[in-house]
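Step one of this worksheet: look at the structure below.
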Amino acid sequence: MGWVALAYGVIWLGLAGYVVRLALATRRLEEEVGRLSSMLPEEEATVSDAARDARRGAASRQEGGD
Amino acid sequence: MVEPSTAIRRTERRGRRRPARLPWLEVSAGLAVPVALYLGLVWAPPERVMGDVQRIMYFHVASAMTAYLAFGLVAVASAIYLLRRQARWDRVAVAAAEVGVLFTTLTLLSGSIWARSAWNAWWLWQDARLTTTLLMWFLYAGYLLLRAAAREGDGQGGRLAALYGLLSVAIVPVVHFSVVWWYSNHPQVITPQGIRMAPQMVVALLAASVAVLLVGVVLFLQRWRLEELRDRLAELEMRCERT
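Same order as they appear, the protein sequences are chains A and B.
Taking numbering that gives the first Met the number 0, the leading residue of the first sequence gets 0, the next gets one more, and so forth.
Taking numbering that gives the first Met the number 0, the leading residue of the second sequence gets 0, the next gets one more, and so forth.
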C-alpha cells in the first residue's frame, strides 16, 4: 500500500499546490485591479472584454498588413 | 473595413464577459473526490496479480483522460481564436493548456510510481506510451512558453501560439494508440473488445474519472478567470499611463 499512498499523495498534493497557486495569484491580481480601478475615473476604469478583443484584433490586422 | 477606433468605441458599450463562478460545480467536485477515493481505495477489490498497487490506475487513467480533454479544448479554442481573433478564446486555450500540462504531469508521476512497483523500474524509454506521453508534456509546456513570450505582442505571436496549440493536438491520438502501433508494456484495460476489469473496478474507474474531470473543470475556470484578470490589469495599467 506504500506505493499507492505515494502516488495518491503526489496527485493530491500536486492538485492542492496548484489550487493554492491559483488562489494566491487571483487575490494578488484582484487587489492590483482594484487599486488601479480606484485611481481612474469610472468610465476609464470600465474596460469591456469586447473592447479588448477589438483592440487586439486591430493590432493583429495592422501587423498582418490587411 | 471598420476603423479600429470605431470598433473599439462600439464594443466598449457592450458588457464584460467573464467566466462564471459555479459554486455547484465546486461542491460537486468536493463531494465526488472522497466518494471516488473510497471506491478506488477501499470498495474495489485488489487486482489478482498486482494487488493493491493497481489502485493507482483509477486516478492515473482519470488524469490522463482529463489531460486529453484539456488539450482538445486548446485546439478548439485556438481554432476559434484564429478564425475570429477574439481574445477570450486565446485565454481559454492558455487556461486549458496549463490544466492539461498539470494533469499530464500527475499522470506521468503516478504512472512512474506504479511502474517502480510493477516493473521494478521508474521509467522505460522503449515503452511507446511513456515516451509519447512525455513528448506530449513537452509539446504543451512549449505551447505555454510560446504563449507567455507572445503575450506582449498580441498580434502575430498570438496567432503563432494559436496555430501551435491547434496543431499540437495531433499528439493526443498518437499517445492513445501508441500501445497498438508500437512496442509497449503499458497495460491496456480499455480495448475495442471491452473493458478488461471486474465490474467493481469499472465503477471505481468511472467514479475517479468523473471526480478528476470535475476538479479539472473547476481548475480550468479558475485559471481562465486569472487570465481575464491579467488582461484587465494590463489594460488598466495602459489607461493609467494615458491619464
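In this text, a Cβ means the ideal position worked out from N, Cα and C, and glycines have one as well.
Reference residue i, options the options, closest by Cα
| i | options | result |
| --- | --- | --- |
| L129 (chain B) | B:G193, B:A147, B:V171 and B:A161 | B:V171 |
| H185 (chain B) | B:H175, B:A169 and B:T103 | B:H175 |
| E29 (chain A) | B:R238, B:W88, B:E227 and B:S208 | B:E227 |
| H59 (chain B) | B:V188, B:G193, B:R195 and B:Q192 | B:V188 |
| L162 (chain B) | B:I112, B:E25, B:V173 and B:L81 | B:L81 |
| W121 (chain B) | B:S109, B:A127, B:T131 and B:A94 | B:S109 |
| A94 (chain B) | B:A43, B:E234, B:A31 and B:G164 | B:G164 |
| V173 (chain B) | B:V26, B:A197, B:R54 and B:L134 | B:L134 |
Same chain, Cβ closer than 7 Å to residue i, neighbours up to 5 away in sequence not counted
| i | result |
| --- | --- |
| V100 (chain B) | W136, Y139, A140 and L143 |
| F66 (chain B) | Checking the sequence, you will find Ala at residue 66 (chain B) rather than Phe. If we look at A66 (chain B) and ignore the five residues flanking it on each side, its Cβ neighbours are G99, F102, T103 and T106. |
| G8 (chain A) | none |
| R12 (chain B) | Caution applies to R12 (chain B), whose pLDDT of 41 falls short of 50 and renders its modelled position unreliable; the value that the coordinates give is listed next. So no residue of the chain qualifies. |
Nonlocal neighbours in the same chain, by C-beta distance under 8 Å from residue i, ignoring five residues either side
| i | result |
| --- | --- |
| L85 (chain B) | It should be noted that the sequence gives Gln, not Leu, for residue 85 (chain B). Within the same chain, Q85 (chain B) has close Cβ partners I79. |
| V168 (chain B) | F70, G71, V73 and A74 |
| A117 (chain B) | M49 and V52 |
| L212 (chain B) | A61, M64, T65 and L68 |
| L24 (chain B) | L213, V216, V217 and L220 |
| T5 (chain B) | Here the model assigns T5 (chain B) a pLDDT of 42, short of 50, so the residue's position is not dependable, and the following value carries that caveat. There are no such residues. |
Residues sharing a beta bridge with residue i, DSSP
| i | result |
| --- | --- |
| T190 (chain B) | B:G193 |
| E46 (chain B) | B:G50 |
Distance between residue j and residue i (C-alpha atoms, nearest Å)
| i | j | result |
| --- | --- | --- |
| V52 (chain B) | L232 (chain B) | 47 Å |
| V217 (chain B) | A92 (chain B) | 15 Å |
| G13 (chain A) | F219 (chain B) | 15 Å |
| P40 (chain A) | R229 (chain B) | 20 Å |
| A35 (chain B) | Q155 (chain B) | 44 Å |
| A96 (chain B) | A149 (chain B) | 15 Å |
| W181 (chain B) | N119 (chain B) | 22 Å |
| E31 (chain A) | L21 (chain A) | 15 Å |
| C239 (chain B) | S37 (chain A) | 10 Å |
| R47 (chain B) | Q199 (chain B) | 14 Å |
| W113 (chain B) | L5 (chain A) | 10 Å |
| V214 (chain B) | A28 (chain B) | 6 Å |
| V178 (chain B) | A127 (chain B) | 6 Å |
| A160 (chain B) | R27 (chain A) | 27 Å |
| L123 (chain B) | Q192 (chain B) | 27 Å |
| T132 (chain B) | R241 (chain B) | 47 Å |
| A24 (chain A) | R34 (chain A) | 15 Å |
| Q125 (chain B) | R115 (chain B) | 15 Å |
| R158 (chain B) | L166 (chain B) | 12 Å |
| M237 (chain B) | R146 (chain B) | 21 Å |
| P45 (chain B) | W2 (chain A) | 14 Å |
| P22 (chain B) | V32 (chain B) | 16 Å |
| S111 (chain B) | E234 (chain B) | 43 Å |
| V26 (chain B) | I10 (chain A) | 20 Å |
| R195 (chain B) | R54 (chain B) | 15 Å |
| A210 (chain B) | L30 (chain B) | 8 Å |
| M190 (chain B) | A43 (chain B) | First, the amino acid is wrong: residue 190 (chain B) is Thr here, not Met. In a straight line, the C-alpha of T190 (chain B) is about 21 Å away from that of A43 (chain B). |
| M0 (chain A) | A197 (chain B) | 20 Å |
Chain-order list of residues whose beta-carbon lies under 6 Å from that of residue i (same chain, five-residue window excluded)
| i | result |
| --- | --- |
| Y57 (chain B) | G39, A203, L204 and A207 |
| A76 (chain B) | W88, V91 and A92 |
Under 8 Å by beta carbon: chain E residues contacting residue i
| i | result |
| --- | --- |
| A6 (chain A) | Absent from the structure: chain E. Protein chains present are A and B. |
Inspect the CB distances between the stretch 203-211 of chain B and the stretch 35-44 of chain B and report whether three or more fall short of 8 Å.
Cβ pair count under 8 Å is three or more, so yes.
Do the stretch 16-34 of chain A and the stretch 220-227 of chain B make contact, defined as three or more Cβ pairs closer than 8 Å?
Flag = yes, the stretch 16-34 of chain A and the stretch 220-227 of chain B touch.
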